[in-house]
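Residue numbers (our numbering): 307 to 532.
Right, here's the structure in full:
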(Lines of atoms letter the chains of each structure in order from A; the text may use other names.)
(Lines give C-alpha, C1' and ligand atoms only; values in the text may rest on other atoms or scores of the structure.)
Protein backbone atom coordinates (compact mmCIF):
# COMPACT_ATOMS: atom_id res chain seq x y z
CA UNK A 307 0.00 0.00 0.00
CA UNK A 308 1.34 3.42 -0.92
CA UNK A 309 2.46 5.51 2.01
CA UNK A 310 0.64 8.87 2.21
CA UNK A 311 3.07 11.56 1.14
CA UNK A 312 4.18 13.85 3.98
CA UNK A 313 3.63 17.52 4.54
CA UNK A 314 6.41 20.03 5.27
CA UNK A 315 8.35 17.38 7.20
CA UNK A 316 7.95 13.85 8.47
CA UNK A 317 7.13 14.79 12.05
CA UNK A 318 3.69 14.49 13.57
CA UNK A 319 3.49 18.28 13.77
CA UNK A 320 4.48 18.57 10.11
CA UNK A 321 1.77 16.19 8.98
CA UNK A 322 -0.77 18.03 11.13
CA UNK A 323 0.23 21.29 9.42
CA UNK A 324 -0.57 19.78 6.05
CA UNK A 325 -3.70 17.89 7.08
CA UNK A 326 -6.70 18.77 9.14
CA UNK A 327 -5.65 22.25 10.21
CA UNK A 328 -8.56 23.67 8.22
CA UNK A 329 -10.91 21.88 10.60
CA UNK A 330 -12.10 19.27 8.13
CA UNK A 331 -11.92 15.54 8.92
CA UNK A 332 -9.02 13.61 7.49
CA UNK A 333 -9.78 11.47 4.44
CA UNK A 334 -12.80 13.62 3.58
CA UNK A 335 -11.26 15.25 0.51
CA UNK A 336 -12.99 14.94 -2.86
CA UNK A 337 -12.33 15.30 -6.58
CA UNK A 338 -15.12 17.35 -8.16
CA UNK A 339 -15.55 18.19 -11.83
CA UNK A 340 -17.66 21.15 -12.95
CA UNK A 341 -18.30 21.30 -16.69
CA UNK A 342 -20.26 23.17 -19.31
CA UNK A 343 -19.99 24.80 -22.75
CA UNK A 344 -18.21 28.05 -23.45
CA UNK A 345 -19.54 31.19 -21.76
CA UNK A 346 -21.36 29.32 -18.97
CA UNK A 347 -19.11 30.81 -16.27
CA UNK A 348 -16.68 27.98 -15.50
CA UNK A 349 -13.72 30.26 -14.76
CA UNK A 350 -15.95 32.67 -12.85
CA UNK A 351 -17.16 29.80 -10.67
CA UNK A 352 -13.57 28.63 -10.18
CA UNK A 353 -12.54 32.05 -8.87
CA UNK A 354 -15.66 32.29 -6.71
CA UNK A 355 -14.93 28.90 -5.18
CA UNK A 356 -11.34 29.91 -4.47
CA UNK A 357 -12.60 33.09 -2.79
CA UNK A 358 -15.17 31.23 -0.70
CA UNK A 359 -12.66 28.68 0.59
CA UNK A 360 -9.95 31.29 1.26
CA UNK A 361 -12.47 33.40 3.17
CA UNK A 362 -12.98 30.50 5.57
CA UNK A 363 -9.25 30.24 6.25
CA UNK A 364 -8.44 27.44 3.82
CA UNK A 365 -5.38 27.76 1.62
CA UNK A 366 -5.13 26.57 -1.93
CA UNK A 367 -3.36 26.76 -5.26
CA UNK A 368 -4.92 27.87 -8.54
CA UNK A 369 -3.77 26.21 -11.76
CA UNK A 370 -4.73 26.61 -15.40
CA UNK A 371 -3.73 25.55 -18.90
CA UNK A 372 -4.16 27.52 -22.12
CA UNK A 373 -6.19 30.30 -20.54
CA UNK A 374 -7.74 32.72 -23.03
CA UNK A 375 -5.16 35.31 -21.93
CA UNK A 376 -2.32 32.95 -22.94
CA UNK A 377 -0.71 33.79 -19.61
CA UNK A 378 -0.36 32.17 -16.16
CA UNK A 379 -3.70 33.41 -14.88
CA UNK A 380 -7.38 32.56 -14.78
CA UNK A 381 -9.42 35.16 -16.63
CA UNK A 382 -13.15 35.49 -17.22
CA UNK A 383 -15.22 37.21 -19.87
CA UNK A 384 -16.83 39.39 -17.20
CA UNK A 385 -13.45 40.87 -16.27
CA UNK A 386 -12.32 38.86 -13.24
CA UNK A 387 -8.75 37.58 -13.13
CA UNK A 388 -6.46 35.74 -10.73
CA UNK A 389 -2.83 34.70 -10.97
CA UNK A 390 -2.35 30.97 -11.52
CA UNK A 391 0.24 28.28 -12.02
CA UNK A 392 0.51 27.19 -15.65
CA UNK A 393 0.16 23.43 -16.03
CA UNK A 394 2.78 22.24 -18.50
CA UNK A 395 3.31 18.73 -19.84
CA UNK A 396 6.09 18.11 -17.34
CA UNK A 397 4.38 19.52 -14.26
CA UNK A 398 3.47 16.96 -11.60
CA UNK A 399 0.63 18.24 -9.45
CA UNK A 400 1.78 16.04 -6.58
CA UNK A 401 5.21 17.68 -6.68
CA UNK A 402 3.50 21.06 -6.75
CA UNK A 403 1.82 20.29 -3.43
CA UNK A 404 4.87 18.62 -1.94
CA UNK A 405 7.10 21.57 -2.86
CA UNK A 406 4.65 23.97 -1.22
CA UNK A 407 4.69 21.85 1.92
CA UNK A 408 8.49 21.81 1.88
CA UNK A 409 8.37 25.61 1.97
CA UNK A 410 6.11 25.47 5.02
CA UNK A 411 2.96 26.40 3.10
CA UNK A 412 -0.42 24.78 3.65
CA UNK A 413 -2.33 23.38 0.69
CA UNK A 414 -5.89 22.40 1.52
CA UNK A 415 -7.24 22.41 -2.04
CA UNK A 416 -6.45 22.90 -5.71
CA UNK A 417 -8.54 24.88 -8.20
CA UNK A 418 -7.81 23.44 -11.66
CA UNK A 419 -9.26 25.63 -14.41
CA UNK A 420 -9.35 24.62 -18.10
CA UNK A 421 -8.99 21.03 -16.91
CA UNK A 422 -10.11 19.58 -20.24
CA UNK A 423 -6.75 20.67 -21.67
CA UNK A 424 -4.71 18.85 -19.00
CA UNK A 425 -2.91 15.59 -19.78
CA UNK A 426 -4.35 12.28 -18.62
CA UNK A 427 -1.44 11.99 -16.19
CA UNK A 428 -2.58 15.21 -14.53
CA UNK A 429 -6.05 13.73 -13.92
CA UNK A 430 -4.51 10.67 -12.28
CA UNK A 431 -2.43 13.00 -10.12
CA UNK A 432 -5.57 14.86 -9.07
CA UNK A 433 -7.08 11.60 -7.86
CA UNK A 434 -3.92 10.76 -5.97
CA UNK A 435 -3.85 14.19 -4.34
CA UNK A 436 -7.31 13.48 -2.97
CA UNK A 437 -6.72 9.88 -1.92
CA UNK A 438 -3.16 10.10 -0.57
CA UNK A 439 -2.78 13.76 0.39
CA UNK A 440 -6.27 14.65 1.66
CA UNK A 441 -6.25 17.67 -0.67
CA UNK A 442 -9.53 18.69 -2.28
CA UNK A 443 -9.37 19.14 -6.05
CA UNK A 444 -11.96 21.21 -7.91
CA UNK A 445 -11.64 20.90 -11.69
CA UNK A 446 -13.44 23.13 -14.20
CA UNK A 447 -13.56 22.64 -17.94
CA UNK A 448 -15.29 21.81 -21.18
CA UNK A 449 -16.64 18.32 -21.74
CA UNK A 450 -16.51 18.16 -25.55
CA UNK A 451 -14.39 19.63 -28.31
CA UNK A 452 -15.44 21.29 -31.59
CA UNK A 453 -16.28 17.87 -33.05
CA UNK A 454 -18.65 17.16 -30.11
CA UNK A 455 -16.23 14.46 -28.87
CA UNK A 456 -15.16 14.22 -25.25
CA UNK A 457 -11.75 15.63 -24.39
CA UNK A 458 -9.60 12.76 -23.03
CA UNK A 459 -9.04 14.61 -19.74
CA UNK A 460 -12.75 15.32 -19.37
CA UNK A 461 -13.58 11.68 -20.05
CA UNK A 462 -11.17 10.60 -17.32
CA UNK A 463 -12.66 13.13 -14.91
CA UNK A 464 -16.13 11.72 -15.62
CA UNK A 465 -14.72 8.29 -14.79
CA UNK A 466 -12.79 9.21 -11.63
CA UNK A 467 -14.45 12.21 -10.00
CA UNK A 468 -16.37 11.81 -6.75
CA UNK A 469 -18.97 14.17 -8.17
CA UNK A 470 -19.66 15.70 -11.58
CA UNK A 471 -21.88 18.74 -12.01
CA UNK A 472 -22.94 20.66 -15.07
CA UNK A 473 -22.78 24.40 -14.46
CA UNK A 474 -26.32 25.68 -14.63
CA UNK A 475 -25.76 29.13 -16.15
CA UNK A 476 -27.69 28.86 -19.41
CA UNK A 477 -25.88 29.71 -22.64
CA UNK A 478 -28.07 30.38 -25.67
CA UNK A 479 -27.64 29.48 -29.31
CA UNK A 480 -28.39 32.27 -31.79
CA UNK A 481 -31.88 30.76 -32.23
CA UNK A 482 -32.72 31.12 -28.54
CA UNK A 483 -32.47 27.43 -27.69
CA UNK A 484 -30.05 26.24 -25.04
CA UNK A 485 -26.48 26.12 -26.34
CA UNK A 486 -24.91 22.70 -25.85
CA UNK A 487 -21.97 22.35 -28.22
CA UNK A 488 -18.84 24.37 -28.97
CA UNK A 489 -18.46 25.04 -32.70
CA UNK A 490 -15.14 26.10 -34.25
CA UNK A 491 -15.72 28.63 -37.02
CA UNK A 492 -13.04 29.01 -39.71
CA UNK A 493 -13.67 31.17 -42.75
CA UNK A 494 -17.29 31.64 -41.76
CA UNK A 495 -18.03 27.91 -41.72
CA UNK A 496 -18.31 25.37 -38.92
CA UNK A 497 -15.13 23.27 -38.98
CA UNK A 498 -15.44 19.49 -38.75
CA UNK A 499 -11.77 18.51 -38.91
CA UNK A 500 -8.51 19.75 -37.43
CA UNK A 501 -6.39 19.68 -34.30
CA UNK A 502 -8.38 19.12 -31.13
CA UNK A 503 -7.01 22.24 -29.43
CA UNK A 504 -6.64 25.44 -31.46
CA UNK A 505 -6.55 28.81 -29.73
CA UNK A 506 -9.33 31.06 -30.95
CA UNK A 507 -11.61 33.88 -29.86
CA UNK A 508 -15.32 34.60 -29.76
CA UNK A 509 -15.12 37.87 -31.74
CA UNK A 510 -16.61 37.74 -35.24
CA UNK A 511 -13.43 39.27 -36.68
CA UNK A 512 -11.17 36.47 -35.39
CA UNK A 513 -9.66 34.14 -37.99
CA UNK A 514 -10.52 31.16 -35.81
CA UNK A 515 -13.42 31.70 -33.48
CA UNK A 516 -15.84 29.65 -31.41
CA UNK A 517 -19.62 29.75 -31.08
CA UNK A 518 -21.95 27.90 -28.76
CA UNK A 519 -24.78 26.30 -30.75
CA UNK A 520 -27.75 24.11 -29.99
CA UNK A 521 -27.48 20.54 -31.24
CA UNK A 522 -29.74 21.18 -34.24
CA UNK A 523 -27.74 24.10 -35.57
CA UNK A 524 -24.40 22.58 -34.65
CA UNK A 525 -25.25 19.49 -36.72
CA UNK A 526 -26.52 21.65 -39.58
CA UNK A 527 -23.54 24.01 -39.40
CA UNK A 528 -25.97 26.90 -39.24
CA UNK A 529 -24.48 30.05 -37.71
CA UNK A 530 -27.58 32.15 -38.18
CA UNK A 531 -27.88 35.44 -39.98
CA UNK A 532 -25.43 37.37 -37.81
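C-beta: ideal position from N, C-alpha, C; glycine also.
Asked                                                                                                               : Found
CB of residue 428 within 9 Å of CB of residue 393, strictly                                                         : yes
Residue span of the alpha helix (DSSP H) that contains residue 425, given as start and end                          : Unbroken run through residue 425: none, as it is neither H nor E.
DSSP three-state assignment for residue 523, whether helix, strand or coil                                          : helix
Touch test, the region 470-479 against the region 499-506, Cβ-Cβ under 8 Å, three pairs minimum                     : no
Span of the beta strand (DSSP E) around residue 368                                                                 : 366-370
Inter-stretch contact (C-beta, 8 Å, three-pair minimum) for the region 411-431 and the region 474-489               : no
Sequence-distant residues of its chain with Cβ nearer than 6 Å to residue 466 (five each side left out)             : 433
Residues near residue 480 in its chain [Cβ-Cβ closer than 6 Å; skip 5 each side]                                    : 530
Reduced DSSP secondary structure (H/G/I, E/B, other) of residue 350                                                 : helix
Per-residue DSSP class, three states only, for residue 309                                                          : Note that residue 309 scores a pLDDT of 39, beneath 50, so its modelled location is shaky and nothing firm can be said.
The region 403-417 touching the region 453-467, judged by at least three CB pairs closer than 8 Å                   : no
Sequence-distant residues of the same chain with beta carbon closer than 6 Å to residue 361, five excluded per side : none
Sequence-distant residues of the same chain with beta carbon closer than 7 Å to residue 347, five excluded per side : 473, 475
Buried versus exposed, by CB contacts within 10 Å (16 or more), residue 343                                         : buried
Residues that residue 379 bridges to, as DSSP identifies them                                                       : 389
Short Cβ contact (9 Å threshold) for residue 485 with residue 518                                                   : yes
Exposure label - residue 482; buried when at least 16 CB within 10 Å                                                : exposed
Length at least 3, wholly inside the region 448-505: the beta strand (DSSP E) runs in chain order                   : 469-472, 487-492
Three-state secondary structure assigned by DSSP to residue 401                                                     : helix
Per-residue burial, residue 333 [other beta carbons within 10 Å of its own, 16 or more giving buried]               : exposed
Helix, strand or coil at residue 345 according to DSSP, with G and I counted as helix                               : coil
Proximity of residue 447 and residue 489 at Cβ, strictly below 9 Å                                                  : no
Inter-residue Cα distance where the pair is residue 385 and residue 370                                             : 17 Å
Outcome for residue 383 when other beta-carbon atoms lying within 10 angstroms are tallied against a minimum of 16  : exposed
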